[in-house]
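Chains as they are written, first to last, in the working numbering: chain G, 56 to 466; chain A, 56 to 466.
Glycine included, C-beta positions come from ideal geometry on N, C-alpha and C.
These numbers were taken from a predicted model, which means no experiment stands behind them.
Reading through the structure tokens given below for one structure.
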């Protein structure tokens, strides 16, 4: 037995297509790190009947419910009201929370609209959770069998409150089972072919459990184990990984639960290498994902998004003859782009992508999904081509980015 | 009355932090466009008891349930099995679906593992939905009060099956109420200040309903109306928009439900302008979001991600004196970056960003969140500074991107 959690994301904007719920995935990852088993995410609108039902349902099934959103100052922010209604009592005003809200606003030179007072109201029996990075305080309250933690929907605020208040409170609850994870990152086979290869491991009830995840052409084998201690769970996962490794060796390119861009930055830093990018079909995606990693500026010199042939010549010194002779989507052009970026940015390592992401632009010889890559390091210059399945522009671009992560991790 | 929908996303990878569910938001948007009211998203693991409960729950509350995931060839793909179990009958093998799967794989030069046969099995009474872009067929089946549509989890495959099969089937169901939407995009005030301004419109039960969404500093006023016809619903939304416009005029910079990058590309195309980018703190985000838009190559010449001072000089011809005199995060440097990008890429319009995204790098004069922008067009050169609230690296970068969308839409 262990603690069961459900995660509740609240807001019309999430249901009606204006905003993607990224909080639930983040919260699930953090809860699982401390051994909570997450069973379900629910995303609900602000509609009072819907929200009330979602709160009651989640609190009847789980030991821990983490809710995000609906704590803002406007009238369509109803998490406080509905929790109070479910608990059958009036809300109470917390002067300390109100003081924090006023301090936070005035320190930033903002006037304090009276509507913000709503954010200092709490359901009966609730414990306020102070918000050091925004106006909306959270709260913890017991509803049904569950301890419910209500957090603001702004990701940064949610993250701070989760780490400072929620995780310590949940870790102190009785009934937690220690859990560990290990991931194997695979590029190459289809999901079915990989599944066939490791089928004996994918039986229901196995501990550690083994599953496959597919995203943008990247396959991840997830090993999740529970045991009497965290160390024992980690050892069990490591043992399963050791059994799996020989079966998938030819396709395996990274291990661990770290995000791939973080892993790339870490690896470059260890080697003391700086990086430059020359992106055509990936159009800035590689740069954007790398610059999401704090501290990347120690490694990344910069990049060029060379979308037109002219810009490949003007900014990356790709010879016009190469473009005429081989076309923009070719290994010689990719190699020249990487060499040009390496020289222009005075970087140790440079990579290049040039391909046809679609939906248009394909030809019989170079169909949509054809992407040429190159890498230039102090030790080598290499160019290669991958025919990515034409599963849409996003898929082709994502798969091309994974190809680059693999190449950078292999240098 | 109208049709009520719930959306069910299935997969351990979604619950356990390996993959973000982007399908549900997409499906909700498409369903609402044809007048279905979406009440809830549920994300569940592959665990048989959990998945079974999630299917039964959703099908007891909604008229339409769209499920994604769990249709792959491996043993942890259980949507077919659990639907059959709920319906209390054995699965049946569909030779036509099996033929399609084999054709799809062999046409791509892949061998057909026997495990793929599982994908041609269906619950009792189900209607297979052919998949022209992948191996996993979907199916439609009636469970409880609901028509359940099971689609593959791969976004591109889901989108094709949704459009070709699910939306026409739902549109033909009795009981749909015509719906329309209108969005106003706002940059400037806090959510509370905007809420105060339009409070009389935000009353529960109003038709059209008016709500506020906040994401990365961008506020969206969503107007959603229902009426006896689509045209009448659109007219009601337009009337509400006309009442709101004078209240928010000073902050309003775009209208309509189009994504902002799409709107920017459209606007540049209308003007016959090409675009170049010089990104420092946004690090390729602007390029990546623009190159997500199919057909952007007609507009975008390219961009430079100039992360280091050296690269600002070498690739964008920013004078070293400017960098020394004002620092990299300054309006003169932003202006020089934009001018350099405009010249280098021979573009009509260029934009530049340079700022401190955090978490480190701030100073008392230039705290984290300080971002300088510039735009250069045939008509003007302009640079300005925004002090973005330090709500984390992602927030600062996203807010900076919205500032650029606003600037490009205003040219």
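Measuring only from the beta carbon, is residue i closer than 6 Å to any heavy atom that is part of the ligand ATP?
i	result
residue 287 of chain G	Only the bare structure without any ligand can be found here, which leaves the ligand ATP out of the picture.
So what does residue i bridge to, in DSSP terms?
i	result
residue 237 of chain G	G:278
residue 114 of chain A	Bridge partners of residue 114 of chain A: none, in fact.
residue 436 of chain G	G:431
residue 123 of chain A	A:64 and A:206
residue 96 of chain G	G:62 and A:98
residue 269 of chain A	A:274
residue 264 of chain A	A:279
residue 230 of chain G	Paired residues: none, contrary to the question.
residue 410 of chain A	A:426
residue 442 of chain G	G:425
Can you tell me whether residue i is buried or exposed? The criterion is at least 16 other CB atoms within 10 Å of its CB, across all chains shown.
i	result
residue 166 of chain A	exposed
residue 304 of chain G	exposed
residue 343 of chain G	buried
residue 200 of chain A	exposed
residue 396 of chain G	buried
residue 148 of chain A	exposed
residue 433 of chain G	exposed
residue 327 of chain G	exposed
residue 228 of chain G	exposed
residue 335 of chain A	buried
residue 380 of chain A	exposed
residue 87 of chain A	buried
residue 286 of chain A	exposed
I'd like to know if residue i contacts chain G, where contact means its C-beta is closer than 7 Å to some C-beta of that chain.
i	result
residue 168 of chain A	yes
residue 257 of chain A	yes
residue 82 of chain A	no
residue 283 of chain A	no
residue 246 of chain A	yes
residue 58 of chain A	no
residue 171 of chain A	yes
residue 135 of chain A	no
residue 447 of chain A	yes
residue 234 of chain A	no
When you compare the CB of residue i with every CB in chain A, is at least one pair closer than 7 Å?
i	result
residue 237 of chain G	no
residue 463 of chain G	no
residue 363 of chain G	yes
residue 131 of chain G	yes
residue 349 of chain G	yes
residue 115 of chain G	no
residue 140 of chain G	no
residue 450 of chain G	yes
residue 68 of chain G	yes
residue 128 of chain G	yes
residue 453 of chain G	no
residue 425 of chain G	no
residue 307 of chain G	no
residue 251 of chain G	yes
residue 318 of chain G	no
residue 295 of chain G	no
residue 355 of chain G	yes
residue 288 of chain G	no
residue 440 of chain G	no
ask   = Which residues, in chain order, does the segment 210–229 of chain G contribute to contact with chain A at a C-beta distance below 8 Å?
value = 210, 211, 212 and 214
request  = May I have a chain-ordered list of the alpha helix (DSSP H) segments no shorter than 4 residues that lie completely inside the segment 285–353 of chain A?
outcome  = 285–303, 315–326 and 340–345
task = Taking a Cβ distance cut-off of 9 Å, strictly less, list which residues of the segment 321–339 of chain G are near chain A, in chain order.
result = 329, 331, 332, 334, 335, 336, 337, 338 and 339
message = Runs of 3 residues minimum, wholly inside the segment 343–408 of chain A: which ones carry the beta strand (DSSP E) assignment?
response = 355–361
query = Taking the runs of the alpha helix (DSSP H) that are 4 residues or longer, which of them lie wholly in the segment 127–208 of chain A?
reply = 134–142 and 150–162
request  = Report the residues of the segment 358–388 of chain A with a CB closer than 9 Å to any CB of chain G, ordered along the chain.
outcome  = 358, 359, 360, 361, 362, 363, 365, 366, 367, 369 and 370
task = Could you please tell me which residues of the segment 176–204 of chain A, in chain order, have their CB closer than 9 Å to any CB of chain G?
result = 188, 189 and 190
ask   = Can you list, in chain order, the residues of the segment 387–409 of chain G whose Cβ is nearer than 7 Å to any Cβ on chain A?
value = 399, 400 and 401
ask   = the segment 72–106 of chain G: which residues have C-beta closer than 8 Å to a C-beta of chain A, in chain order?
value = 72, 73, 74, 75, 76, 77, 79, 80, 81, 83, 84, 87, 93, 94, 95, 96, 97, 98, 99, 100, 101, 102, 103 and 105
request  = Using a Cβ-Cβ cut-off of less than 7 Å, give me the residues of the segment 411–435 of chain G that come near chain A, in sequence order.
outcome  = 414
ask   = Listed from N- to C-terminal order along the chain, which residues in the segment 261–273 of chain A have their beta-carbon within a distance smaller than 7 Å of any beta-carbon of chain G?
value = 266, 267, 268 and 270
query = Listed from N- to C-terminal order along the chain, which residues in the segment 153–166 of chain G have their beta-carbon within a distance smaller than 9 Å of any beta-carbon of chain A?
reply = 160, 163, 165 and 166
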